[in-house]
Each structure stands twice: as structure tokens, then as C-alpha cells.
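**Student:**
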Amino acid sequence: LSQKVLNAKLPGYVQLAGGTNNFTVAKLVAKGLLASENNKQENSAKNLNTYIPENRFVSGVAYGSYARVLLSPILEKLEKMHKSQLQAIEFAYGTTSIHAKELTNDSQLTKLEVLPELLWEAVSLANSLVSQIKTSDLSKMRN
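When we follow my numbering, the leftmost residue of the sequence shown carries the number 0, and every step to the right adds one.
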């Protein structure tokens, strides 16, 4: 399908979405359909004069449900931690579930960004998809 879209020679960039998975980029590379750094630089020079490039290559891939499937175990861990926290509050204060939920709604434990191990596990998984197209050094981001 991506080849058909590219053959239409529409202006702008082509980003694949829907049905994408871990094999998408490899298939695009094998068919010579993925934009390389060389042709991206070539087009960016032309873009200085508001040039709209012809679609000869796929420029991006959107991972919707596939990314959610990859990240769901991490989000489930976070949810289990939250449930454990609710149970601890209920036990400690002898409150009802409704009241305990009110107490923990603003809890830091429910936020992925305050749990470095889980956060970096999620970032690493997301990077495994993004890095197939864009290169980055995660070690620089962690420091």
C-alpha cells in the first residue's frame, strides 16, 4: 500500500499508520521505500525555498495499538502498584475504597515519571520502535 501512495506523487511527506508493527521498517528498508539520511538532507536543502518534496520515500511510521501492546505490561505494573497503595491506605486508616481512592488520586505513585525504573523501561521500549527510523543515544538522556 505504501508503494501505491508513493506512486501517486502527492506533495508532502508520507507516514504509515494502521497495521504497523516491529517488521514495518525492515520491510520498507528491504523494498527501498524508507527515506534515508542522504535523501532527507537533499530535500531539506530544497525546503529552504518552501519546496514541497515529491514523495519518493516513506518518512515516518506511526505505531498506535502496537506501541500500546508493548507498553501495556509496564502500565499494568503501575496499576498494580496503585492498587497495593489503595489497599495499604484502606488497611492503615480503616477507610472505604471510595475514600482511599480520593486519598490516592493525587498520589505520586500513580505517575510513571516518578518511578525511574518503570519510566526508563517504557522509554526503552518506545525507543526500540523510534530508533529504527531515528537514531538517538538514551544514555545521554538518563544523566
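Just so it is clear, CB atoms sit at the ideal spot from N, CA and C, and this is done for glycine as well.
Using the rule of at least 16 other Cβ atoms within 10 Å of the residue's Cβ for burial, across every protein chain shown, is Ala-34 buried or exposed?
**Tutor:** If you draw a 10 Å sphere on the C-beta of Ala-34, you find 16 or more other C-beta atoms in it, and that means buried.
**Student:** How would you call Arg-22, buried or exposed, if buried means at least 16 neighbouring beta carbons within 10 angstroms?
**Tutor:** In the sequence under discussion, the amino acid at residue 22 is Phe, which differs from the Arg named in the question. Exposed: under 16 other Cβ atoms inside 10 Å.
**Student:** Can at least three beta-carbon pairs, one atom from the region 123-135 and one from the region 65-73, be found at a separation below 8 Å?
**Tutor:** The region 123-135 is in contact with the region 65-73.
**Student:** Taking 8 Å as the threshold (C-beta atoms), are Gly-63 and Ala-16 in contact?
**Tutor:** yes
**Student:** Just to confirm before moving on: does the CB-CB distance between Arg-55 and Leu-0 stay below 8 Å?
**Tutor:** no
**Student:** What separation, rounded to the nearest whole angstrom, lies between the Cα atoms of Leu-111 and Lys-8?
**Tutor:** 42 Å
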